[in-house]
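Report on the following structure.
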Amino acid sequence: VVAYHYCQADNTYTCLVPEFVHSVAALLCRAHQLTAYRELLLKEPHLQSMLSLRSCVQDPMAAFRRGILQPLVNLRK
């Protein structure tokens, strides 16, 4: 397990999709198994911007796809 997110019924903020995306991205960056992902984010400011809390709130699905899924798929190739 390299990332996890708890939704707590008594803490509405933890149940919001933007918070989930932002939290998972942060945990993936800290995972020692995914140093290539962290390095990619450090090199690519547009990815950092895509994963900002503001972007996650504006379009959480795009942030998840373009900031997490696509980079991980590309790193796997």
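Take 111 as the starting number for the sequence shown in this note's numbering and just add one per residue.
A virtual CB, placed ideally from N, CA and C, is assigned to each residue, including glycine.
Just checking my contact of residue i with residue j at CB under 8 angstroms: how many whole Å lie between their CB atoms?
i	j	result
A141	A113	7 angstroms
L138	L144	5 angstroms
L161	A173	6 angstroms
L157	P181	6 angstroms
At the level of alpha carbons, what is the spacing between residue i and residue j?
i	j	result
L126	L150	26 angstroms
H115	S133	7 angstroms
What is the DSSP secondary structure of residue i, reduced to helix, strand or coil?
i	result
H115	coil
A138	Note that residue 138 corresponds to Leu in the displayed sequence, not to Ala. Helix.
N121	coil
E149	helix
L157	helix
Quick one, which of the options has its alpha-carbon nearest residue i's?
i	options	result
I178	V111, Q118, D120, A136	A136
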